[in-house]
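Structure record follows, encoded as C-alpha cells.
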Amino acid sequence: MSARPFIVAIDGPAGAGKSSVSKLLARRLGFALVDTGAIYRCVALMASREGIAFDDDAKLGELLGRVRIHFQVVGEENHVFLGGEDVSSEIRTPPISMGASQVSGRPVVRAGLLALQRRLALEAASGAILEGRDIGTVVFPDADVKFFLQANPEVRARRRFEELFQKGVDSSLEGVLQDQTRRDTADSEREVAPLKPAEDAVHVDSSSMPLSEVVQSLEHEIERRRASRGA
C-alpha cells in the first residue's frame, strides 16, 4: 500500500491569512490545495440560489448530493469551480460568508462534506494543504502538522476590507468588522466542530508579520516534519 500523502492542516479565523499562506505554501512545496471554507461557501451559494433556508436540514441534505466542486490554479489564484462554473468571486461576498458560517454549523452538512474533504486531500500525489476551521480537530486530527493562524480583529478586518475593495465589492471597514465579529462568535460557539486550535497545533500570530515571513516559518516546520517522517 502506498504511503498516505503528507497532510498539512491550517486553521484559524477569517482574515488571519490562511488563504494567502496556504496558496503560497502549496505552490512552493508542490502540494495540492484544498480550501474547505470554499466548499461550505459553495453549499451556501447553492442554497441561496435555490431559495433553501440555511437551517433547512432536509433540503440541505438533498442539496449535498448535487455538490460538484473542484479547485484549479489560474494564474496566481486558486479558483473554485462549482459544477464547472467559476464561482471564486461570488462565494466571497459578505452574504455568502455569513451563509457559509450558518450552514457549516449544521451537522448534516458537516457530515456530508467530511468524506469529500478527506478524499480531495488523499488523492494528492505527494502532499496536501487543507485550510479551514476544523481541519486539525475534525477533518484530519492525525495530520502530519497542524497550524493555527491568528491575528488581532482590527488587522483581520482591514485585510478583508482591502480584499473586497480590490474585487469591487461595496463595503465599509466598520461593516466588515461587524460581520467578522458575528462570524467569529458563530464559528466559535457552534456545537458542531467549533473554531478552536487543535491541542498539538503550532500557533502563529500574523498581526505584524509580513506574508513572506509567515510562509517561511510554516515551510520550515513542514520540512522538519517531513524529514523526520522520511517523506
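Each residue of the sequence shown is one higher than the last, beginning at 910 in my numbering.
Cβ atoms here follow ideal geometry from the backbone N, Cα and C, with glycine treated the same way.
>> The alpha helix (DSSP H) that contains K968, what's its start and end?
In response: D966 to L973
> Cα separation between D995 and P1106?
Replying inline: One Cα belongs to D995, the other to P1106, and the distance between them is close to 31 Å.
> Does DSSP classify E1104 as helix, strand or coil?
Replying inline: According to the sequence displayed, residue 1104 carries Leu and not Glu. Coil.
> Can you name, in chain order, every residue of its own chain whose Cβ lies under 7 Å from the Cβ of G939, other than the five neighbours on each side?
Replying inline: S1035
> Going along the chain, which unbroken runs of the alpha helix (DSSP H) with 4 or more residues stay wholly within the stretch 1066-1104?
Replying inline: 1082-1098
> In angstroms, rounded to a whole number, what distance separates the CA positions of G974 and R1135?
Replying inline: Their backbone Cα atoms lie some 36 Å apart in a straight line.
>> Check whether the stretch 1014-1023 and the stretch 916-933 are in contact - that is, three or more C-beta pairs closer than 8 Å.
In response: no
>> Here's the rule I'm using: 16 or more other beta-carbon atoms within 10 Å means buried, otherwise exposed. How should L1120 be labelled?
In response: exposed
>> Closest to E1083 by C-alpha separation, out of F1070, R1092, L1023 and G993, would be which residue?
In response: F1070
> With distances taken between CB atoms, is the gap from G1045 to A1052 smaller than 7 Å?
Replying inline: Contact flag set, yes.
> What number of angstroms, rounded off, separates the C-alpha of R950 from the C-alpha of A1009?
Replying inline: C-alpha separation (whole angstroms): 5 Å.
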